[in-house]
Amino acid sequence: MLTQEQRKKLADRLKQPLRIGSKTISSRLVLAPLAGLNHQAMRESIAAFPGAGLLFTGMLSARAVPTENPRKSHAFSWNDRELPTLVGQLFGNEPEQMAVAARRLESEGFFGADINMGCSVAAIAKKKCGAGLLRHPELACEIVSAVRSAVTFPLMVKLRSGWLDDPAALENTIRLAQAFESAGVDAVTFHPRFSPDRRTRPPQLEHLKLFRQALKIPVFGNGNLCTAADCLHMLEKTGCDGLALGRMAIARPWLFHSLLNAEDEFENALGRLHDSATAYLNRLFELWEPGVARKYYKKFALYLSANFSSGSRMYGRLTKGENLDELQAALESAFAENASGLTRRPNMLMFSM
Ligand SMILES: Cc1cc2nc3c(=O)[nH]c(=O)nc-3n(C[C@H](O)[C@H](O)[C@H](O)COP(=O)(O)O)c2cc1C
8 MLTQEQRKKL ADRLKQPLRI GSKTISSRLV LAPLAGLNHQ AMRESIAAFP GAGLLFTGML
68 SARAVPTENP RKSHAFSWND RELPTLVGQL FGNEPEQMAV AARRLESEGF FGADINMGCS
128 VAAIAKKKCG AGLLRHPELA CEIVSAVRSA VTFPLMVKLR SGWLDDPAAL ENTIRLAQAF
188 ESAGVDAVTF HPRFSPDRRT RPPQLEHLKL FRQALKIPVF GNGNLCTAAD CLHMLEKTGC
248 DGLALGRMAI ARPWLFHSLL NAEDEFENAL GRLHDSATAY LNRLFELWEP GVARKYYKKF
308 ALYLSANFSS GSRMYGRLTK GENLDELQAA LESAFAENAS GLTRRPNMLM FSM
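Per the working numbering: the sequence shown = residues 8 to 360.
This is the structure:
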């Protein structure tokens, strides 16, 4: 656990404004893209505890974005208050299509666009999208150039160490990122794991350090940031400019606020979990039809349950219900039964389910 002095050091570092292209963000702690989790309701839950410098959407199909109706889509919807810090993440494999999609994001008023070159899910990667682009560097560069010429707002790319578990793959990814920098990319998020690592192997901080040293633009480090100590460790070991929180932001939506205010992130955890889960559940049913609300609540319930020592039992309890009333009642009884089992470090294995 960090001392209060170390917490303060972390907070001061994270609160330094950072320039990304033509815009400046007020904190260096950002929400990583998470498909199926980072929709509007979840981002609102996180924004209820202010602090995140940027909020990313989950990946959005570049094919769909140009004609998508935000009133009908769950992935491509937002509230106007979040637009100044909202980054739309695009996936695709056709430069012109990606450019048109980015233009739509810019015209809607998003902070910027991010290109997904990190996702190694087979269905995405085999179509030369996501991390599949790391195997097709020329296409990756064409996409970046096409998007850069189409928009003036900040352009970011999210990458991982490489497609193969091989030092040469890391070198190739670094060279690719340098080419992106020359083509006008404003910042990158780097998840220092090879595709075959999935999330089972710890992030390789030495990869992130090499990556940081090779570029001039800001680099956000990402992967397994669970506590204030993990955050300080990544910043100090790698020199990266900022941090992107993924799954922990879902499990503990107040984390941005705590870290930026040098608070112990475990303080008031039970009350905060209860109140934010209740508000989130209600908001889901307010925004979307019951089937969709239920689906998103059940996805989130896994992350909420990971905070408790008897997480699987908690999950079973939380998800017993088909409508808002039943799910609210289940939430109350799950908290009453499991309150004493709250753990300082969540069960990360539940995150991988
Ligand atoms: C459910 C889930 C969905 C994800 N979706 C995306 C995505 O849409 N785009 C992306 O670049 N990365 C995605 N990722 C990867 C995360 O952004 C992040 O790199 C990874 O979870 C490691 O960070 P963490 O340990 O802080 O969660 C996803 C990860 C998870 C678990």
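The beta carbon of each residue, even a glycine, is placed where N, CA and C say it ideally should be.
Residue i burial status per 10 Å Cβ neighbour count (16 or more: buried)
i	result
G116	exposed
P209	exposed
A343	exposed
N275	exposed
S127	buried
E272	buried
S29	exposed
S364	In the structure as shown, the chain begins at 8 and stops at 360. Residue 364 is therefore absent and cannot be evaluated.
S52	buried
S340	exposed
K96	Before going further, note that residue 96 is Gln rather than Lys in the sequence given. The residue is buried, with at least 16 neighbouring Cβ atoms inside 10 Å.
Alpha carbon of residue i to alpha carbon of residue j, nearest angstrom
i	j	result
L242	K22	13 Å
K305	L93	25 Å
R111	A129	27 Å
N179	T64	27 Å
G338	L325	A quick correction: the sequence has Leu, not Gly, at residue 338. Taking the straight line joining both Cα atoms gives about 5 Å.
D248	P225	6 Å
L370	K165	What the structure shows of the chain is the stretch from 8 to 360, and residue 370 is not part of that stretch, so it cannot be assessed.
E329	H81	20 Å
Q11	L38	24 Å
K244	G228	11 Å
V192	M49	28 Å
H46	S84	7 Å
V132	V154	In the sequence as displayed, the identity of residue 132 is Ala instead of Val. About 20 Å.
Y134	N100	In the sequence as presented, Tyr is not what sits at residue 134; that position holds Lys. One C-alpha to the other measures close to 7 Å.
S114	K302	31 Å
E188	L222	7 Å
S359	M255	12 Å
V195	L183	12 Å
L403	P353	Residue 403 lies beyond the residue range present for the chain, which begins at 8 and ends at 360; the question has no answer from this structure.
V151	T159	13 Å
E333	A42	26 Å
Contact test: residue i Cβ vs ligand 1 heavy atom, cutoff 7 Å
i	result
A42	yes
C126	yes
R401	Only positions 8 to 360 of the chain appear in this structure, which leaves residue 401 out of reach.
A308	no
L252	yes
A130	no
H81	no
N100	no
G169	no
K305	no
H240	no
Q185	no
H214	no
L232	yes
N179	no
A39	yes
G65	yes
Q104	no
H46	no
H198	yes
N229	yes
N123	yes
M255	yes
Q96	yes
Residue range of the unbroken beta strand (DSSP E) whose run includes residue i
i	result
N80	The question names Asn, but residue 80 in the sequence shown is Ser. That residue, S80, is in no beta strand (DSSP E); it is neither H nor E in DSSP.
D332	Not the beta strand (DSSP E): D332 falls in the alpha helix (DSSP H), residues L331 to N345.
S168	L162 to G169
R200	A194 to F201
V299	Here V299 belongs to no beta strand (DSSP E); instead the alpha helix (DSSP H) covers P297 to S312.
S68	L62 to S68
K30	K30 to I32
L97	L93 to F98
M255	It is not in any beta strand (DSSP E) - M255 instead sits in the alpha helix (DSSP H) that spans R254 to A258.
Delimiting residues of the alpha helix (DSSP H) encompassing residue i
i	result
D19	Q11 to L21
D237	A235 to T245
D282	A276 to L294
Q185	P174 to S189
A153	P144 to A157
F263	L262 to L267
I53	Q47 to A54
V107	P102 to E115
M355	M355 to F358
L232	Segment: none, L232 is in no alpha helix (DSSP H) and carries neither H nor E.
Interface flag, residue i vs chain D, CB-CB below 8 Å
i	result
A176	The structure shown contains no chain D; it holds only a single protein chain.
Review point. Is it a yes or a no for the stretch 312-323 touching the stretch 342-360, going by three-plus beta-carbon pairs under 8 Å?
Key: When C-beta atoms of the stretch 312-323 are compared with those of the stretch 342-360, three or more pairs fall below 8 Å, so the two segments count as touching.
Review point. For the 8 Å Cβ check, are there 3 or more pairs between the stretch 53-60 and the stretch 20-37?
Key: Yes, they touch.
Check your understanding: Would you call the stretch 73-91 and the stretch 280-291 in contact, with 3 or more CB pairs under 8 Å?
Key -> These segments do not touch.
**Study point:** the stretch 262-274 / the stretch 321-335 touching (three or more Cβ pairs under 8 Å)
**Key:** Between the stretch 262-274 and the stretch 321-335 there are fewer than three C-beta pairs closer than 8 Å, too few to call the two in contact.
Review point. For the stretch 283-303 against the stretch 219-238, are there 3 or more C-beta pairs whose distance is under 8 Å?
Key: Too few Cβ pairs lie closer than 8 Å, so no.
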